[in-house]
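Residue numbers for the sequence shown, in my numbering: 31 to 365.
All remarks here apply to the structure that follows.
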Amino acid sequence: MDLKNLGEHFALWRAARAACRPLPARLPSGFTRWKDLDEYRRALSEVRRDWSLAGQYELHQQIQHRLPGALRAICAECDAVTLMHFDQPESGETNWRETLRCERCGLINRWRLAMHLFQVLRTDEHLGPIYITEQLTPLYLAFKRRAAQTIGSEYLGPDCAGGETRVHLGHELRHEDVTALSMADNSIGAIGCFDVLEHVPDFLPSLSEFHRVLEPGGTLVISVPMNLEAYTNERRAEIAEDGSIRHLMEPQYHGDPVRAEGVLCFHEFGWELVDQIRAAGFMESELWTVWAPEFGYLGAFQPFFIARKRGVPVRVDAHPALVQTRLRAQEHADG
Ligand SMILES: [Zn+2]
Numbered sequence: 031m032d033l034k035n036l037g038e039h040f041a042l043w044r045a046a047r048a049a050c051r052p053l054p055a056r057l058p059s060g061f062t063r064w065k066d067l068d069e070y071r072r073a074l075s076e077v078r079r080d081w082s083l084a085g086q087y088e089l090h091q092q093i094q095h096r097l098p099g100a101l102r103a104i105c106a107e108c109d110a111v112t113l114m115h116f117d118q119p120e121s122g123e124t125n126w127r128e129t130l131r132c133e134r135c136g137l138i139n140r141w142r143l144a145m146h147l148f149q150v151l152r153t154d155e156h157l158g159p160i161y162i163t164e165q166l167t168p169l170y171l172a173f174k175r176r177a178a179q180t181i182g183s184e185y186l187g188p189d190c191a192g193g194e195t196r197v198h199l200g201h202e203l204r205h206e207d208v209t210a211l212s213m214a215d216n217s218i219g220a221i222g223c224f225d226v227l228e229h230v231p232d233f234l235p236s237l238s239e240f241h242r243v244l245e246p247g248g249t250l251v252i253s254v255p256m257n258l259e260a261y262t263n264e265r266r267a268e269i270a271e272d273g274s275i276r277h278l279m280e281p282q283y284h285g286d287p288v289r290a291e292g293v294l295c296f297h298e299f300g301w302e303l304v305d306q307i308r309a310a311g312f313m314e315s316e317l318w319t320v321w322a323p324e325f326g327y328l329g330a331f332q333p334f335f336i337a338r339k340r341g342v343p344v345r346v347d348a349h350p351a352l353v354q355t356r357l358r359a360q361e362h363a364d365g
């Protein structure tokens, strides 16, 4: 063996290992994986029981802790037990997903969970950088703190070119259209697409784009508004032939860091998305739900679509030993 090219050997070894990178078998407490709606339905009675307990637990916490508006829990990002503050609006209920801000890192429930998922999925072992389909958010900054080469982007309008940088609201932002990314094939280690696809009228090409730019063994994490009891995706609005928006349901707008008026929600997703992700070429495609009071992930179950690209290592053909590794990995993946 030629020890002069250790760096190259190392890269090849990591690439070969990526070929047989299954999704983790063991998940933290409160994380549940589901293959499909049938499996979920079979467990539904149990899930419902947990669900009602969830409400009780929150109440319990509020009263017991004698810390109004605060909960002590494990912050996976800080790797410590910290105090998490939550909003208690005068009218209406606490939106648990958007609160429970860690006193130390400043991240709210869903942001801490997004970071935690990437930890669980060991994306630090991937070769390429992480790509997050947002750039004006504390979540992007948190990923950037973890890995300086993290790429973020915002959708800045139809007249921008992919990869182009523009100053917007005093920030230098990179424009990307998730249905036509500017990144090279096999160049990204992991993608986090949080609460974006529901705003893309025709989102299917973005799944193919995610698959194209991910490296072999690369990881995809998607969150969208989802009806856990439905298979079929539901269309809330569509673009008519004359370019106008036709509403099929009561229009729903979500907050957006780039546009003050918010962005229209075109879809509510069902389990169909698990199959659509697989159809885009991904080796594994699952739905994970998370509800874990010990980590401060309260509120309704937070669903995430998790997938991995089939691993075929890059540039291993010159190394006979690694070709063997690749073949074994391929058999494993096919098996
Ligand atoms: Zn924290």
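From the three backbone atoms N, C-alpha and C, an ideal C-beta is built for every residue, glycine too.
Using the DSSP secondary-structure output, state which residues sit across from glutamate 264 in a beta bridge.
-> Counted from its first residue, the sequence shown places residue 264 at position 234. According to DSSP, which records beta bridges pairwise, glutamate 264 is partnered with Glu298.
With DSSP collapsed to three states, give me the class of threonine 153.
-> Mapped onto the sequence shown, residue 153 falls at position 123. Three-state result, threonine 153: helix.
Inter-stretch contact at 8 Å, needing at least 3 Cβ pairs: the stretch 249 to 261 / the stretch 180 to 195 | no
Histidine 241 lies in the alpha helix (DSSP H); which residues open and close that run?
-> Counted from its first residue, the sequence shown places residue 241 at position 211. That run of the alpha helix (DSSP H) goes 234 to 243.
Quickly, what does DSSP pair valine 293 with across the bridge? List them, please.
-> Translated into positions along the sequence shown, residue 293 becomes position 263. In DSSP, valine 293 forms a bridge with His284.
Which residues in the same chain as aspartate 225 place their Cβ atom closer than 8 Å to its Cβ, once the five residues preceding and following it in sequence are excluded?
-> Start at 1 with the first residue of the sequence shown, and residue 225 comes out as number 195. Scanning its chain for C-beta atoms nearer than 8 Å, with the 5 sequence neighbours on each side dropped, one finds around aspartate 225 the residues Ser253, Val254, Pro255 and His284, in chain order.
Looking at the unbroken alpha helix (DSSP H) that takes in phenylalanine 173, where does it start and where does it end?
-> Taking the sequence shown and counting its residues from 1, the one referred to as residue 173 is at position 143. If you look at phenylalanine 173, you'll find it in the alpha helix (DSSP H) that goes 168 to 176.
Of all the options Asp189, Arg175, Leu74 and Val288, which has the alpha carbon lying nearest to the alpha carbon of cysteine 135?
-> Against the sequence shown, residue 135 aligns to sequence position 105. Answer by Cα proximity: Arg175.
Roughly how many angstroms lie between the CA atoms of alanine 41 and threonine 180, to the nearest whole one?
-> For this step, residue 41 is matched to residue 11 along the sequence shown. For this step, residue 180 is matched to residue 150 along the sequence shown. Rounded to the nearest angstrom, the two C-alpha atoms are 19 Å apart.
Would you say the beta carbon of threonine 262 comes nearer than 7 Å to a heavy atom of ligand 1?
-> Taking the sequence shown and counting its residues from 1, the one referred to as residue 262 is at position 232. The answer is no for threonine 262.
Heavy atom of ligand 1 within 7 Å of leucine 137 beta-carbon | Taking the sequence shown and counting its residues from 1, the one referred to as residue 137 is at position 107. Yes, ligand 1 has a heavy atom inside 7 Å of this Cβ.
When the Cα atoms are used, what is the spatial distance from arginine 56 to leucine 74?
-> Sequence index remark: in the sequence shown, residue 56 carries index 26 (1-based). Sequence index remark: in the sequence shown, residue 74 carries index 44 (1-based). Rounded to whole angstroms, arginine 56 to leucine 74 spans 21 Å at the Cα level.
Hey, would you say the C-beta of arginine 134 is under 7 Å away from at least one heavy atom of ligand 1?
-> Here residue 134 refers to the residue found at position 104 when the sequence shown is read from its first residue. Yes, since a heavy atom of ligand 1 falls inside the 7 Å radius drawn around the Cβ of arginine 134.
Short check: CB of proline 281 to CB of alanine 267, under 8 Å?
-> Within the sequence shown, the letter at position 251 stands for residue 281. Within the sequence shown, the letter at position 237 stands for residue 267. For proline 281 and alanine 267, yes; Cβs fall inside 8 Å.
Do aspartate 189 and threonine 209 come within 8 Å of each other at the CB atom, strictly closer than that value?
-> Position 179 of the sequence shown, counted from the first residue, corresponds to residue 209. Position 159 of the sequence shown, counted from the first residue, corresponds to residue 189. Not in contact: threonine 209 and aspartate 189 (Cβ atoms no closer than 8 Å).
Out of Leu171, His39 and Glu228, state which residue places its alpha-carbon closest to the alpha-carbon of glutamate 298.
-> Counted from its first residue, the sequence shown places residue 298 at position 268. Among Leu171, His39 and Glu228, the Cα nearest to that of glutamate 298 belongs to Glu228.
Terminal residues of the alpha helix (DSSP H) in which leucine 101 lies = Taking the first residue of the sequence shown as 1, we reach residue 101 at position 71. Looking at the DSSP string, leucine 101 is not in any alpha helix (DSSP H); the run it does join, the beta strand (DSSP E), is 100 to 105.
Give the secondary structure of isoleucine 252 by DSSP, where H, G and I count as helix, E and B as strand, and everything else as coil.
-> The residue you call residue 252 lines up with position 222 of the sequence shown. The answer is strand: DSSP assigns isoleucine 252 an E or B state.
Which word fits leucine 234, buried or exposed, when buried means at least 16 other C-beta atoms lie within 10 angstroms of its C-beta?
-> Residue numbering aside, residue 234 sits at position 204 when the sequence shown is read from its first letter. Counting the other CB atoms within 10 Å of its CB gives leucine 234 a total below 16, which places it among the exposed residues.
Just the C-alpha distance for alanine 114 and tryptophan 126, rounded to the nearest angstrom, thanks.
-> Position 84 of the sequence shown, counted from the first residue, corresponds to residue 114. Position 96 of the sequence shown, counted from the first residue, corresponds to residue 126. The question names alanine, but residue 114 is methionine in the sequence shown. C-alpha separation (whole angstroms): 11 Å.
Coarse secondary structure for lysine 34, derived from DSSP in three states = Indexing the sequence shown from 1 puts residue 34 at position 4. Helix at lysine 34.
Name the one or two DSSP bridge partners that tyrosine 327 has.
-> Start at 1 with the first residue of the sequence shown, and residue 327 comes out as number 297. BP columns for tyrosine 327 point to Ala322.
So what's alanine 144 in DSSP terms, helix, strand or just coil?
-> Your numbering for residue 144 matches position 114 in the sequence shown. Correct three-state label for alanine 144: helix.
Mind the definition here: the stretch 194 to 208 touches the stretch 157 to 168 only if three or more C-beta pairs lie below 8 Å; say whether that holds.
-> yes
Beta bridge counterpart(s) of leucine 203 as assigned by DSSP | To locate residue 203, count along the sequence shown from 1; it is residue 173. Leucine 203 pairs with Arg196.
Which of helix, strand or coil does DSSP assign to glutamate 228?
-> The count along the sequence shown starts at 1 and reaches residue 228 at position 198. Looking at glutamate 228 - three-state DSSP - the assignment turns out to be helix.
Going by C-alpha distance, which of Val288, Leu67 and Thr153 is nearest aspartate 305?
-> Here the question's residue 305 lines up with position 275 in the sequence shown. If we check each option's Cα against that of aspartate 305, Leu67 comes out closest.
In the structure shown, what three-state DSSP assignment does glutamine 332 receive?
-> Locating residue 332 in the sequence shown gives position 302, where the first residue counts as 1. Three-state DSSP puts glutamine 332 in a strand.
Beta-carbon proximity of isoleucine 162 to threonine 153, cut-off 8 Å | The sequence position of residue 162 within the sequence shown is 132, counting from 1. The sequence position of residue 153 within the sequence shown is 123, counting from 1. Going by C-beta atoms, isoleucine 162 is not nearer than 8 Å to threonine 153.
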